[in-house]
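Asks: 141 is the number that our numbering gives to position 141 of the sequence shown; each next residue is one higher, with no gaps. The beta carbon of each residue, even a glycine, is placed where N, CA and C say it ideally should be.
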Amino acid sequence: MSAGDWKDLLRASQEGDLGLVEYYIKMGIDPNYQHPEFLTAPLFESIRFGHLDITEFLLKNGADPNLKEGFGTDTPLSVAKSVQNKAAIQLLKQHQMSSSTKPSTDRINKILITGGNRGIGKAIAQQLLEEGQKVVIVSRDGQQGRAVVDELKTSSGNPNIEMIQGNLSSIAGCQALIQAVKVKHSDINVFISNAGVWMTDLQLNEDQLEVSFMVNYLAPYILCRGLLPILQANGPARIVNVNAGLYVKGKLDLNKTPTGLDFGPIHSYATTKLCSVLFTIDFAREVADSGVTINAVHPGVINTGLGDSPKLISKLIKFVKRFWKPPTYGAQAPSWLAISDEVEGVNGNYYNEMEVMPYIDVVKDKALQEELRLRTEEILNKSMFKK
Ligand SMILES: NC(=O)c1ccc[n+]([C@@H]2O[C@H](COP(=O)([O-])OP(=O)(O)OC[C@H]3O[C@@H](n4cnc5c(N)ncnc54)[C@H](OP(=O)(O)O)[C@@H]3O)[C@@H](O)[C@H]2O)c1
């Protein structure tokens, strides 16, 4: 192998060219070789430049998580800490643990993930399968869901993944999903509520509710309550609510938000996520000491299809998104909350990635939590009355 090939692998790791990295590793370049001219290895560079997909690929393909840079004292972990690359820190810890044969959890859980057919949800499914877990993804398009199941079986080497069809756009759709889960997967003990939308236009669903209010808030509300009996029966059980840091910008008006009378693309996304955080705290109190926990998490700013639409502003955001982190990064914190022994029994927290964050004052307002719950029950009762 020529020195040029080795330098090209190093450069591709710095520039984030995963295809090229894969090519050179397949060609047999040693990922741990430190060229005397540079005294660094591709793993260090992928961490420094924040290319988590490459870090992950290198670790899976022979890069040593305990390598010393320049034969000095810096390790991949110390470099990740110095550049505050939290996802790389988590990834390296996982690899160090697996190389020391200690798994992050001894338990094999059965985990239901909404929005598991693409974006962060699909990356969560992949990571959990790699951890030896059993996974059920919810997909509203059955054909697409089945294709993802086949893909993840192959890429993870773990066949324990199934798909269940479900559409969270309406109250009836959520209720149908609960019934299907109870019939086919009554052994789940972890629920990751991940599906979400960022609407660029006002749209009402069949219940006359604004779509992001339905998908981002009401669907998790209905699913958490509907699945609670089976989660309790299979406890200890966990619910992970994939939320968004933008919730702090939300402004809830219980007379307007549910039907989109105050609709705005950023406003509605932030406000429906605010509702979801209010629900998380309220529900955490309700399930305390029942063997079920619920926590909310902001997964990071991640390059996915969220909010994509043919509008010019969306096209501009799509361009900017190329510099955001990959779904594998966004999957780290939700996966950790779903199975890690480190957070066993933790209930009612909000995590910014893997760090606990204090709630803003508005969500600690118990009266507001209760008002939202009562208004939600009113909406649900009205919808049942209609049928
Ligand atoms: N990306 C970020 O930077 C970011 C930041 C903070 C929080 N989050 C949160 O992370 C979660 C995942 O988002 P993402 O970035 O991965 O977005 P994404 O790529 O757009 O994926 C969204 C997922 O939700 C599903 N979904 C949407 N509406 C649904 C419905 N009515 N019924 C069933 N499934 C539905 C989608 O399924 P279809 O394929 O059928 O549409 C898709 O699987 C969301 O809750 C989002 O708010 C993301």
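Within the same chain, show all residues whose beta-carbon is closer than 8 Å to that of isoleucine 302, passing over the 5 residues directly before and after it, in chain order.
Replies: Closer than 8 Å at the Cβ level, and outside the excluded window around isoleucine 302, lie Gly119, Ile120, Trp324, Lys325, Pro326, Pro327, Tyr329, Gly330.
Asks: Please classify histidine 35 as buried or exposed, where buried requires at least 16 other C-beta atoms within 10 Å of its C-beta.
Replies: Flag for histidine 35 reads exposed.
Asks: Considering Cα atoms alone, identify which of Leu43, His95, Ala63 is closest to valine 79.
Replies: Answer by Cα proximity: Leu43.
Asks: Can you tell me the Cβ-Cβ gap for isoleucine 113 and valine 138, rounded? I've got them flagged as a contact below 8 Å.
Replies: The Cβ separation is near 7 Å, so the contact holds.
Asks: Does the Cβ of leucine 306 lie closer than 7 Å to at least one heavy atom of ligand 1?
Replies: True, at least one ligand heavy atom lies under 7 Å from that Cβ.
Asks: Alpha carbon to alpha carbon, how far is glutamine 175 from aspartate 207?
Replies: Rounded to whole angstroms, glutamine 175 to aspartate 207 spans 13 Å at the Cα level.
Asks: Residues in its own chain within less than 6 Å of asparagine 349 by CB, not counting five upstream and five downstream?
Replies: Asn295, Val356.
Asks: Starting from histidine 267, trace the alpha helix (DSSP H) in both directions and tell me its first and last residue.
Replies: Note, histidine 267: alpha helix (DSSP H), 265-287.
Asks: When you compare only the Cα positions, how much space is there between leucine 177 and lysine 68?
Replies: The straight-line gap from Cα to Cα measures roughly 50 Å.
Asks: List the DSSP bridge partners of valine 240.
Replies: Answer is Ile192, Asn295.
Asks: Taking valine 287 as the reference, which of His267, Pro236, Pro258 has the closest Cα?
Replies: For valine 287, the nearest C-alpha among the options comes from Pro236.
Asks: Closest to threonine 267 by CA distance: which of Phe283, Leu246, Lys110, Leu278 is it?
Replies: Strictly speaking, residue 267 in this sequence is histidine, with threonine absent from that position. Checked all of Phe283, Leu246, Lys110, Leu278; the closest Cα to histidine 267 is Leu246.
Asks: Which stretch, first to last residue, makes up the alpha helix (DSSP H) that contains tyrosine 23?
Replies: Looking at the DSSP string, the run of the alpha helix (DSSP H) that includes tyrosine 23 is 18-26.
Asks: For isoleucine 454, collect the residues of the same chain with a Cβ closer than 8 Å to its Cβ; drop the 5 residues on either side in sequence, then sort them by chain order.
Replies: Nothing can be reported for residue 454, as the shown portion of the chain is limited to 1 through 387.
Asks: Per the contact definition of three or more C-beta pairs closer than 8 Å, is the stretch 214-221 in contact with the stretch 194-206?
Replies: Judged by Cβ distances under 8 Å, the stretch 194-206 makes contact with the stretch 214-221, as three or more pairs qualify.
Asks: For threonine 154, which three-state DSSP category applies?
Replies: In this structure, threonine 154 counts as helix in the three-state DSSP scheme.
Asks: Is the stretch 359-375 close to the stretch 245-260, with three or more CB pairs under 8 Å?
Replies: Yes: at least three Cβ pairs fall under 8 Å.
Asks: Taking 7 Å as the line, does the beta carbon of leucine 168 fall inside it for any heavy atom of ligand 1?
Replies: Yes, the Cβ of leucine 168 comes within 7 Å of a heavy atom of ligand 1.
Asks: Do you know how far the Cα of aspartate 30 is from the Cα of lysine 93?
Replies: Lysine 93 and aspartate 30: Cα-Cα distance of roughly 22 Å.
Asks: How far does the alpha helix (DSSP H) with leucine 177 in it extend, from its first residue to its last?
Replies: 171-184 is the extent of the alpha helix (DSSP H) around leucine 177.
Asks: Measuring CA to CA, which of Gly19, Asp53, Thr55, Gly70 is closest to leucine 39?
Replies: Checked all of Gly19, Asp53, Thr55, Gly70; the closest Cα to leucine 39 is Gly70.
Asks: Sorry if obvious, but does the Cβ on aspartate 17 come closer than 7 Å to a heavy atom of ligand 3?
Replies: With respect to ligand 3, the structure offers nothing, as its ligand set consists of ligand 1.
Asks: Lysine 249 to threonine 271, Cα distance in whole Å?
Replies: One C-alpha to the other measures close to 7 Å.
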